[in-house]
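Colleague: Okay, here's the structure, questions in a sec.
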Amino acid sequence: MELVFGILFRLIEIYSWALIIYILMSWFPNARETAIGQFLARICEPYLEPFRRFVPPLGMIDISPIVAFITLNLARMGLGQLYMWIA
82 MELVFGILFR
92 LIEIYSWALI
102 IYILMSWFPN
112 ARETAIGQFL
122 ARICEPYLEP
132 FRRFVPPLGM
142 IDISPIVAFI
152 TLNLARMGLG
162 QLYMWIA
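The numbering of the sequence shown is the numbering used here, which starts it at 82 and goes up by one.
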């Protein structure tokens, strides 16, 4: 059981880093058009889109990725608490 939780925890951690990199790429012109940017878009956009529907942008600033990142971190903490409860 420890192996399953460890793998899930690491996957969430890796996905969090991918999300951070994808968000930071928006600050650089044409960064999302690179091969890495397109790969990150394919894995990050499906997760970000539901948040964009519910969290309106503040002028030119889109805060939905921040809410998505916080949600992902809460899921990681919840997974840790579930592991502590089961173990």
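Heads up, the beta-carbon is just placed ideally off N, CA and C, and yes, glycines get one too.
For clarity, every value in this text was computed on a predicted model and none was experimentally measured.
Anyone know if the C-beta pair for Leu129 and Ser107 falls short of 9 Å?
Modeller: For Leu129 and Ser107, no; Cβs fall outside 9 Å.
Colleague: Can you round the beta-carbon distance between Leu160 and Phe90 to whole angstroms, since I take them to be within the 8 Å contact cut?
Modeller: The Cβ separation is near 6 Å, so the contact holds.
Colleague: Considering only C-alpha positions, which residue in the set Met165, Tyr96, Tyr164, Met82 is nearest to Ile124?
Modeller: The residue with the shortest Cα to Cα distance from Ile124 is Tyr96.
Colleague: Beta-carbon within less than 6 Å of Phe86's beta-carbon, same chain only, minus the 5 sequence neighbours each way: which residues are those?
Modeller: Cβ within range, chain order: Tyr164.
Colleague: Helix, strand or coil for Ile104 per DSSP?
Modeller: Helix, per DSSP.
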